[in-house]
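Colleague: For the sequence shown, the residue numbers in this note's numbering are 24 to 927.
All C-beta atoms in this analysis are idealised placements derived from N, C-alpha and C, irrespective of residue type, glycine included.
None of these values were measured; they are calculated from a predicted model.
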Amino acid sequence: MVDYHSAGQPYHYGGNGPGPNGDYMAQEDDWDRDLLLDPAWEKQQRKTFTAWCNSHLRKAGTQIENIDEDFRDGLKLMLLLEVISGERLPKPERGKMRVHKINNVNKALDFIASKGVKLVSIGAEEIVDGNAKMTLGMIWTIILRFAIQDISVEETSAKEGLLLWCQRKTAPYKNVNVQNFHISWKDGLAFNALIHRHRPELIEYDKLRKDDPVTNLNNAFEVAEKYLDIPKMLDAEDIVGTLRPDEKAIMTYVSCFYHAFSGAQKAETAANRICKVLAVNQENEHLMEDYEKLASDLLEWIRRTIPWLEDRSPQKTIQEMQQKLEDFRDYRRVHKPPKVQEKCQLEINFNTLQTKLRLSNRPAFMPSEGRMVSDINTGWQHLEQAEKGYEEWLLNEIRRLERLDHLAEKFRQKASIHEAWTEGKEAMLKQKDYEAATLSDIKALIRKHEAFESDLAAHQDRVEQIAAIAQELNELDYYDSPSVNARCQKICDQWDVLGSLTHSRREALEKTEKQLETIDELHLEYAKRAAPFNNWMESAMEDLQDMFIVHTIEEIEGLIAAHDQFKATLPDADREREAILGIQREAQRIAELHSIKLAANNPYTSVTPQVINSKWERVQQLVPTRDRALQDEQSRQQCNERLRRQFAGQANIVGPWMQTKMEEIGRISIEMHGTLEDQLQHLKHYEQSIVDYKPNLELLEQQHQLVQEALIFDNKHTNYTMEHIRVGWEQLLTTIARTINEVENQILTRDAKGISQEQMQEFRASFNHFDKDHCGALGPEEFKACLISLGYDVENDRQGDAEFNRIMSLVDPNGSGSVTFQAFIDFMSRETTDTDTADQVIASFKVLAGDKNYITAEELRRELPPEQAEYCIARMAPYRGPDAAPGALDYKSFSTALYGESDL
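Next up, the structure:
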């Protein structure tokens, strides 16, 4: 029996008891009488201690109303001790007499003393008499022993441990600086910070104000009571209205938060641990085999495709180049997309495999030589490089061949017209008709020759155009350049001969001109006006028959406008024609009037009225033909414009849609809405919406095919090309697949390491806070700041730098200079959780074997699922120890091999 002194002596309680557990509250040795006399403090202690007792008594279906009255008979005091200790006390006495009450209280005090608590100056009589000071002191002693003594944080315990725990948990919060258990809690922010740190969904911390302590305190008390099952033990007004709140009341209430948030994680059973290890090992082996086969097939396809894409051999005809373009489109539309999916799936399988191996403490997977992910990426880069510009080269070649065909046809047409014009000109220039001619004939010959020279000069531009076209065909490497050059050279040589003959004939005519007198001025005027008009008609016929090629509606409209302008000149031309013919008629009238015998033809020109009328009729026939050709081309260009607008309308929808999806996926990957499963489900919905959107892309491909078949090479209605859309689609599919894989790996890490959803969100919140540029990775300085915020000592001194370098070697083994979120949670999970080890697996097998050093096949089949039991039996070596029994298997070497360098 503990020696309880009378109440009249100096009283001390809650002091150090014997043994290691006695010194749990050295600074709480004395119960200060003066402090208890403070009415405000006594009021706070009454409410807090009453609520604390009721939080335990309600488990037994009862409670107290008055702390110094309801414990007087000792019955509820004994019940309280049984609830909080989990032990049975001696049977209480049910009598109503004072001696029965004292005996019950003594039984409770004896139990407290048996727990290593030395009670001084607390007697059962004071409790039975309702002494408030002694009753509060006794309850405080119980709280110290059963609620605070066992708190241990970083080698500190009791009050210091609880204070350190509070400081660690509230360190990241602004306006919170916990240094004690009285004034540090007056503004209520510390209570809210503790709740928000563990249950952030319950508190909107950023909306709290330091200058409104009553609201802050009531918010924390109400949330704790409603959601954390912590009864309201304090009044906000009492705390705010007291200069120094009662330390013991605050400690009692805060200890309830500690116990509410520090639940222990249950250990896995031995059989489940073994099943998990074996299942991981089997799955990893399947993933390795799948990776090797997929990588081999993909590399072989890349090896076959690159030489085909690197071939830039031009063809001679448009048809041959269009066939090459169609083959390339089939490659982009049919052959490449499945390979893009295979490459993405290969990377996902590899990352998933490495993550699973790392999480299960297995050696990293090393693919066969030449089949690394880096080898595949290198081969794919070579493929992309070969593919880059191939389609552009094909289209440029088609344009070049089309241009060549147009120029060649234009050359042949102009050459034919010129050759027709020069036919017989050499013979005419070589005539000696002026030797026997009369004076009038000579003058006529001179005028005729002048008209010819005028005509010859007019044809100089056509000869220069023919030579320029031949030169351009040579520069564009036209395949039939030799025949073009030969024909051009013949035309130039003939032109030089005509020039020389023209000069010789003019000299001969001028030599005899002095011998000639009269010339028919009317015939001369006819000749002078008929020659340019005839040349104009020839040029008009040539222009009306000239081929044209356009690519836009504006170009054909320009040609139509020019043609309309030409038609507008026809009335003036017709009047000029009538005027020229009128000159001829006037000459005939005068000759008939004066009985002059004229030659059959005008002596000054070979352009007769019949020639003019014939060519005029030809011009009249060619105009409507030209109209129809221009209208047909205008219809074709209008159709092309519809195709452009149709493609642009769809592209301007698909392009921004893909860009929006990329941005939304980026936001999902860094935001923390819901659990990882919610994020994964959200991402899969996005992935399905992207897959469902593919018909829009296929529709765009069909429209693009029509555009290409129409040989439309530009589109001013959109900035998107089909190549941009394809690349954006491939990037979108790759990004969503990789993002889903990252979240799945985070779930694997969380489940494998036993990380709670709150911890995972806390890790993501810390990582996002320091990821200022939202790039998904932290630089060295950002990562250091993040570690400091989590309590790691990596400040800028020698010891801190060494610790930081050690951590960086874990999270960035390749020295890339950045830390991904996956590496960050791997590091945090290693720091906060434990993983399976070979020793744990051996211990688990020993449990299944009944503490024997070996295990039998029958025991494995009895304790494990059939598939995994047979897996163990097939791989376990026979046990060779001295205590071996028939059929004994060596589970120790098997467990060691699971975590070793060699395969089973």
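Once you ignore the five residues that flank S918 on each side, which residues in its own chain have a CB closer than 7 Å to its CB?
Modeller: Only A861, V864, I865 and F868 meet the Cβ criterion.
Colleague: For P236, list the residues DSSP reports as bridge partners.
Modeller: Paired residues: none, contrary to the question.
Colleague: What residue ranges within the region 494 to 564 form continuous alpha helix (DSSP H) runs of no fewer than 4 residues, ordered along the chain?
Modeller: Whole alpha helix (DSSP H) segments, 4+ residues: 504 to 535.
Colleague: Around the C-beta of L833, are 16 or more other C-beta atoms found within 10 angstroms, so that it is buried, or is it exposed?
Modeller: Classification of L833: exposed, given that the 10 Å Cβ count is below 16.
Colleague: Can you give the Cα-Cα distance for L545 and P555, rounded to whole angstroms?
Modeller: One C-alpha to the other measures close to 16 Å.
Colleague: With distances taken between CB atoms, is the gap from N242 to N215 smaller than 8 Å?
Modeller: Their beta carbons are under 8 Å apart, which means N242 touches N215 by this criterion.
Colleague: Can you name the residues that DSSP bridges to S180?
Modeller: DSSP output for S180 lists S175 as bridge partner(s).
Colleague: Of the choices E92, E306, I691 and A652, whose alpha-carbon is the least far from that of N372?
Modeller: Taking only the C-alpha atoms, the option nearest N372 is E306.
Colleague: Following the continuous alpha helix (DSSP H) through Q1, name the residue where it begins and the one where it ends.
Modeller: Here the chain covers residues 24 to 927 and nothing more, so residue 1 does not appear.
Colleague: Taking the DSSP output, what are the residues bridged to P901?
Modeller: Its beta-bridge partners are L912.
Colleague: Scan the region 219 to 265 and note each continuous alpha helix (DSSP H) run of 4 residues or more that stays entirely inside, going in chain order.
Modeller: Runs of the alpha helix (DSSP H) inside the region 219 to 265: 236 to 250 and 259 to 264.
Colleague: Can you give me the Cβ contacts of E805 inside the same chain, cut-off strictly under 6 Å, excluding the 5 residues immediately before and after it?
Modeller: Excluding positions up to five away in sequence, the list reads F793.
Colleague: Of the choices E442, A563 and R600, whose alpha-carbon is the least far from that of Q633?
Modeller: It is R600.
Colleague: Can you give the Cα-Cα distance for L369 and E767, rounded to whole angstroms?
Modeller: When rounded, the distance between both Cα atoms is 16 Å.
Colleague: Can you tell me whether L301 sits near the ligand COA, meaning its C-beta is under 7 Å from at least one heavy atom of the ligand?
Modeller: In the structure on display, the ligand COA does not appear, and there are no ligands present to speak of.
Colleague: CB-CB under 8 Å to L810, same chain, minus the five flanking residues each way: which ones, in chain order?
Modeller: Result list for L810: V817, F827 and I830, in chain order.
Colleague: Using alpha carbons as the reference points, say which of R529, R651, G447 and E561 lies closest to D587.
Modeller: The shortest Cα separation from D587 among R529, R651, G447 and E561 belongs to R651.
Colleague: DSSP on L801, reduced to helix/strand/coil?
Modeller: DSSP places L801 in strand when its eight states are reduced to three.
Colleague: Assign F670 to buried or exposed, taking buried as 16 or more other Cβ atoms, counted over all protein chains shown, within 10 Å of its Cβ.
Modeller: Label assigned to F670: buried.
Colleague: Would you identify the three-state DSSP class for Y281, choosing helix, strand or coil?
Modeller: DSSP places Y281 in helix when its eight states are reduced to three.
Colleague: If I measure Cβ to Cβ from A825 and keep anything under 8 Å in the same chain, skipping five residues before and after, which residues do I get?
Modeller: Hits under 8 Å: none found.
Colleague: Which of the three DSSP states, helix, strand or coil, is assigned to T592?
Modeller: Reduced to three states, the DSSP call for T592 is coil.
Colleague: In or out: D519 buried (at least 16 other Cβ within 10 Å) or exposed?
Modeller: It counts as exposed.
Colleague: Is it a yes or a no for the region 259 to 274 touching the region 205 to 214, going by three-plus beta-carbon pairs under 8 Å?
Modeller: With the cut-off at 8 Å, the region 259 to 274 and the region 205 to 214 touch.
Colleague: Confirm, please, whether the CB-CB distance from K448 to L521 is below 8 Å.
Modeller: In contact: L521 and K448 (Cβ atoms closer than 8 Å).
Colleague: Pop quiz: L653 and L582 are said to be a contact at Cβ under 8 Å. What is the actual Cβ separation, rounded to whole angstroms?
Modeller: Going by Cβ atoms, the distance from L653 to L582 rounds to 6 Å, so yes, they are a contact pair.
Colleague: CB-CB under 6 Å to Y250, same chain, minus the five flanking residues each way: which ones, in chain order?
Modeller: These residues qualify, in order along the chain: L225.
Colleague: Do you know how far the Cα of V128 is from the Cα of V140?
Modeller: Computed Cα separation, rounded: 16 Å.
Colleague: Along the chain, which unbroken stretches of the beta strand (DSSP E) at least 3 residues long are found entirely within the region 758 to 828?
Modeller: If we require 3 residues or more, the region 758 to 828 turns out to have no beta strand (DSSP E) run fully inside it.
Colleague: Could you tell me if Y314 is buried or exposed, where buried requires 16 or more neighbouring beta carbons within 10 angstroms of its beta carbon?
Modeller: Y314 comes out buried.
Colleague: Can E877 and A907 be called in contact, C-beta distance under 8 Å?
Modeller: Correcting the residue identity first, residue 877 is Tyr in this sequence and not Glu. The answer is yes: Cβ separation under 8 Å.
Colleague: My output table needs one value for K141: the three-state DSSP class, helix, strand or coil.
Modeller: In this structure, K141 counts as strand in the three-state DSSP scheme.
Colleague: I878 by DSSP, collapsed to three states: which one?
Modeller: DSSP places I878 in strand when its eight states are reduced to three.
Colleague: Return the CA-CA distance between D235 and V263, expressed in angstroms with no decimal places.
Modeller: Their backbone Cα atoms lie some 10 Å apart in a straight line.
Colleague: According to DSSP, what are the bridge partners of T843?
Modeller: T843 pairs with A800.
Colleague: In this structure, how does DSSP classify W54 when only helix, strand and coil are distinguished?
Modeller: Residue placement at W54 cannot be trusted, given a pLDDT of 41 that sits under 50; what the coordinates show is reported in the next sentence. In this structure, W54 counts as coil in the three-state DSSP scheme.
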